[in-house]
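Chains A and B, in that order, are what the protein sequence lines are.
Just so you know, we're using our numbering here: the first sequence kicks off at 3 and counts up by one.
Just so you know, we're using our numbering here: the second sequence kicks off at 70 and counts up by one.
Data block below; observations after.
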Amino acid sequence: MNMQTNILVEARELTKIYGKTLAVNQMNLVIPRGKIIGLLGPNGNGKTTLIKMMAGLLTPTSGSILIHGYPPGVASKSRISYLPERTYLQHGTKVCDIIHFFEDFYEDFSTKKAREMLDALQVPLDARLKTLSKGTKEKVQLILVMSRDADLFILDEPIAGVDPAARDYILKTILSNYNPAASILLSTHLITDIENILDEVIFIQNGQVLAQMTVEQIREEHGQSVDAYFRRIFAC
Amino acid sequence: MAWTLDSDKPLYTQLMEIIQMRIISGYYQSGERLPSVRELAAEASVNPNTMQKALVELERSGLIITQRTSGRIITEDKELIHQTRKQLAEGHIQYFLQHMEELGFSRKEILSHIQTFTEGDG
Numbered sequence: 003m004n005m006q007t008n009i010l011v012e013a014r015e016l017t018k019i020y021g022k023t024l025a026v027n028q029m030n031l032v033i034p035r036g037k038i039i040g041l042l043g044p045n046g047n048g049k050t051t052l053i054k055m056m057a058g059l060l061t062p063t064s065g066s067i068l069i070h071g072y073p074p075g076v077a078s079k080s081r082i083s084y085l086p087e088r089t090y091l092q093h094g095t096k097v098c099d100i101i102h103f104f105e106d107f108y109e110d111f112s113t114k115k116a117r118e119m120l121d122a123l124q125v126p127l128d129a130r131l132k133t134l135s136k137g138t139k140e141k142v143q144l145i146l147v148m149s150r151d152a153d154l155f156i157l158d159e160p161i162a163g164v165d166p167a168a169r170d171y172i173l174k175t176i177l178s179n180y181n182p183a184a185s186i187l188l189s190t191h192l193i194t195d196i197e198n199i200l201d202e203v204i205f206i207q208n209g210q211v212l213a214q215m216t217v218e219q220i221r222e223e224h225g226q227s228v229d230a231y232f233r234r235i236f237a238c
Numbered sequence: 070m071a072w073t074l075d076s077d078k079p080l081y082t083q084l085m086e087i088i089q090m091r092i093i094s095g096y097y098q099s100g101e102r103l104p105s106v107r108e109l110a111a112e113a114s115v116n117p118n119t120m121q122k123a124l125v126e127l128e129r130s131g132l133i134i135t136q137r138t139s140g141r142i143i144t145e146d147k148e149l150i151h152q153t154r155k156q157l158a159e160g161h162i163q164y165f166l167q168h169m170e171e172l173g174f175s176r177k178e179i180l181s182h183i184q185t186f187t188e189g190d191g
């Protein structure tokens, strides 16, 4: 694996078709190292499908997606830390068992880091997931995902449905764990809440990249927030 | 000095202004070590690269100095801080005068208004 390259992910003519539905349509995309990038777009435009192909959970119908220059596989999965939109963790599991699971599964997982953050949140390690509030559950899962030393963190809707205080906590956790050699790809439709932490935004529409630009570029050239710009370009 | 940011203007210039104010007001003391980029970014809830850009720009003005061993410190040049403060004050006065003149006040009227206002206030 070439660690010198600045390209983490490259999609070429990437396509995914479910039955008759074209979810991702000949998409071209590059994700560089060292950036926090927002993957933005209305629901049902292919964000999660794209993410699942990066994470190696879905196979492209045609075209290619390369992680560090290789198709998704065991090697790429060990370097990508992925927070899915819906949890795969069992509700009856205790927090400490999930920590063990991450320890066993990921070489780059830091138990110390995870425990420190869970302590600060005052989450008891013997608590079962189902006894925690929705906001705390989201926080716990984010802590686990951010406690890895990965090259690419993919967070699918990390702030959906949590209260503003939990959202602030999540954003601060992302920022304080951010490693400048890694990149974070964050999918959301709640742009206002997150635009200050982003370097770049990728707008997705109908399974294609509508635009990829820096946040400061949008503000300087258009004198608008990313949210206002987004509403303008997606207005029907 | 809270990190209050407008969403329709570039962030790094706003971050520069806030840090500059913090230096002038003495929140960050002359010669003091500045928190790391990561700490400042988390505090302001902004992207670390954006915070980095703001700090690099402030280095250009000399208010912040990078040291190889101990990160960034606030300048020990108190005259520079004083000058920056004066420049900012002049900017505020110019802005104020321009708006008052647009409202049709003469310089003389403006002065008398300020006097009445500050007396009534105190």
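Glycine is no exception: its CB is placed at the ideal position from the N, C-alpha and C atoms.
These numbers come from a predicted model, not from an experiment.
Sequence-distant residues of its chain with Cβ nearer than 6 Å to residue i (five each side left out)
| i | result |
| --- | --- |
| A/Leu60 | Lys54 |
| A/Ser239 | With chain A represented from 3 up to 238, any question about residue 239 of chain A goes unanswered, as that position is not in the structure. |
| A/Tyr108 | Arg150 |
| A/Met119 | Ile145 |
| B/Gln121 | Val106 |
| A/Pro74 | Gly58 |
Anticipated Cβ contact below 8 Å, residue i with residue j, distance rounded
| i | j | result |
| --- | --- | --- |
| B/Leu127 | B/Ile93 | Between B/Ile93 and B/Leu127 the Cβ distance is about 12 Å, and since that is not below 8 Å, they are no contact. |
| A/Leu157 | B/Ala110 | That pair is no contact at about 17 Å. |
| B/Tyr81 | B/Thr119 | 5 Å |
| B/Ile142 | B/Arg102 | 5 Å |
| A/Ser149 | A/Ser112 | 5 Å |
| B/His161 | B/Phe174 | With 8 Å as the limit, B/His161 and B/Phe174 do not qualify as a contact, their Cβ atoms being about 17 Å apart. |
| B/Ala14 | B/Leu84 | The structure shown does not extend to residue 14 of chain B, since chain B spans only 70 to 191, so no value can be given for it. |
Cβ-based neighbour list, residue i, same chain, cut-off 7 Å, excluding 5 preceding and 5 following
| i | result |
| --- | --- |
| A/Leu200 | Ile38, Ile39, Gly40, Val217 |
| A/Lys49 | Leu41, Gly43, Ser189, Ile206 |
| A/Met3 | Legend: pLDDT at A/Met3 = 45, less than 50; position of this residue unreliable, value from coordinates given subsequently. The residues are His70, Ala77. |
| A/Lys141 | Leu123, Ala168, Tyr171, Ile172 |
| B/Phe165 | none |
| A/Ile220 | Gln226, Val228, Tyr231 |
| B/Thr73 | none |
Closest residue to residue i among the options (Cα-Cα distance)
| i | options | result |
| --- | --- | --- |
| B/Leu76 | A/Ile193, A/Asn208, A/Leu212, A/Ala213 | Here residue 76 of chain B is Ser; the residue named in the question, Leu, does not match the sequence. Comparing Cα positions, the closest option is A/Ile193. |
| A/Thr138 | A/Lys115, A/Ser178, A/Phe104, A/Val97 | A/Val97 |
| A/Ala116 | A/Phe236, A/Ser135, A/Arg221, A/Thr175 | A/Thr175 |
| A/Tyr72 | A/Leu85, A/Met56, A/Arg221 | A/Met56 |
| A/Asn179 | A/Pro126, A/Asp151, A/Ser64, A/Val125 | A/Asp151 |
| B/Lys78 | A/His224, A/Gln214, A/Arg233, A/Ser66 | A/His224 |
| A/Leu146 | A/Leu31, A/Leu91, A/Thr23, A/Asp229 | A/Leu91 |
| A/Tyr84 | A/Phe155, A/Ile220, A/Ala237 | A/Phe155 |
| B/Asn116 | A/Pro182, A/Phe104, A/Pro160, A/Asp106 | A/Pro182 |
| A/Glu87 | A/Glu197, A/Gln143, A/Val11 | A/Gln143 |
| B/Ala113 | A/Ile196, A/Glu109, A/Val164 | A/Ile196 |
| A/Glu136 | A/Asp153, A/Ala162, A/Asn45, A/Arg234 | The question names Glu, but residue 136 of chain A in the sequence shown is Lys. It is A/Ala162 whose Cα lies nearest to the Cα of A/Lys136. |
| A/Asn198 | A/Tyr108, A/Leu127, A/Val11, A/Gln226 | A/Gln226 |
| A/Ile19 | A/Leu10, A/Asn47, A/Val11, A/Glu12 | A/Asn47 |
| B/Gly131 | B/Ser139, B/Ala158, B/Leu149 | B/Leu149 |
| A/Asn30 | A/Asp229, A/Asn45, A/Tyr231, A/Leu68 | A/Leu68 |
| A/Pro160 | A/His191, A/Ser185, A/Ala184 | A/His191 |
Coil, strand or helix - residue i by DSSP
| i | result |
| --- | --- |
| A/Gln92 | coil |
| B/Gly191 | In this predicted model, B/Gly191 has a pLDDT of only 49, less than 50, meaning its place in the structure is not dependable; the value taken from the coordinates is given anyway. Three-state result, B/Gly191: coil. |
| B/Gln163 | helix |
| B/Lys78 | coil |
| B/Arg141 | strand |
| B/Ser181 | helix |
| A/Val11 | strand |
| A/Lys18 | strand |
| A/Glu202 | strand |
| A/Thr190 | strand |
| A/Asp158 | strand |
| A/Asn30 | strand |
| A/Tyr231 | helix |
| A/Ala129 | coil |
| A/Gly48 | coil |
| A/Met3 | Summary for A/Met3: the model assigns pLDDT 45, below 50, so the residue's position carries little reliability, and this model does not support an answer. |
| B/Ala110 | helix |
| A/Thr216 | strand |
| A/Ile72 | Per the sequence presented here, residue 72 of chain A reads as Tyr, with Ile not at that position. In the structure shown, A/Tyr72 sits in a strand (DSSP, three-state: E or B). |
| A/Gln210 | strand |
| B/Ser175 | coil |
| A/Gly58 | coil |
| A/Ser185 | strand |
Contact check, residue i vs residue j, beta carbons under 9 Å
| i | j | result |
| --- | --- | --- |
| B/Thr12 | B/Ser105 | Residue 12 of chain B is absent from the structure shown; chain B starts at 70 and stops at 191. |
| A/Ser64 | A/Thr23 | no |
| A/Val32 | A/Gly209 | no |
| A/Thr89 | A/Arg130 | no |
| A/Asp153 | A/Ile204 | no |
| A/Ile101 | A/Leu134 | no |
| A/Glu222 | A/Gln214 | no |
| A/Leu212 | A/Val11 | no |
| B/Ile24 | B/Glu170 | Since the first residue of chain B shown is 70 and the last is 191, residue 24 of chain B is not available in this structure. |
Beta-carbon proximity list for residue i, same chain, < 8 Å, skipping 5 on both sides
| i | result |
| --- | --- |
| A/Asn8 | Pro34, Arg35, Gly36 |
| B/Met70 | Ile87, Met90, Arg91, Ser94, Tyr96 |
| B/Gln184 | none |
| A/Ile235 | Phe205, Leu212, Ala213 |
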